[in-house]
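In this text, residue positions in the sequence shown follow numbering that gives the first Met the number 0: the first is 0, and each later residue adds one.
The C-beta atom is built at its ideal place from N, Cα and C for all residues, glycine as well.
Working notes for the structure below.
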Amino acid sequence: MKKIISIIIIMLTMCMTNAVAQEKGIASYYGLKAHGRKTSSGERHDAYGLVCAHKKHPMGTKLKVTNIKNGKSVVVRVNDRGPYAKGWVVDLSWQAAKEIGILAQGVAKVIVEVVREENKKVKAK
């Protein structure tokens, strides 16, 4: 019985992790005027880099952002906080917005997924 309960708990945990790792909402982007301004992480915003703002994911987390309308995706790194408008999930750098085709309309419906770094090298002690 304990084994069955353990298996159920593990399966529920895996399902919850996947649900948290993906979200849908609106993406916007920083204008070029934001280039060089300080972000919440202390870095200077790089309009030509692949970076973004997210409310919850830790700084440095890599996210795959997919434009639902055209299927284009980009992988960005979280280095700022926001957006704070209801239903908005990510603010992209100008370059990231260009890569998924949202410069003209300014916003788009997107899917945001955490990118897992499976092949990360571990230093031997």
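Suppose you measure from the CA of residue i to the CA of residue j; what does that come to, to the nearest Å?
i, j, result
"Trp93", "His53", "15 Å"
"Val88", "Ser27", "9 Å"
"Ile99", "Gln21", "18 Å"
"Gly41", "Val111", "23 Å"
"Gly24", "Lys2", "39 Å"
"Lys71", "Tyr47", "18 Å"
"Val126", "Cys51", "Residue 126 is absent from the structure shown; the chain starts at 0 and stops at 124."
"Ala18", "Arg43", "Unreliable positioning characterises Ala18 in this predicted model, as indicated by a pLDDT of 46, which lies under 50. A coordinate reading is not provided."
Going by beta-carbon coordinates alone, are residue i and residue j separated by less than 8 Å?
i, j, result
"Asn66", "Ala107", "yes"
"His56", "Asp45", "no"
"Asp79", "Thr38", "yes"
"Val64", "Val114", "no"
Using DSSP's beta-bridge definition, name the partner residues of residue i.
i, result
"Gly24", "Val109"
"Val50", "Arg76"
Please give the ranges of any beta strand (DSSP E) in the stretch 52 to 98, keeping only runs that are unbroken, at least 3 residues long and fully inside the region.
61 to 66, 72 to 79, 87 to 91
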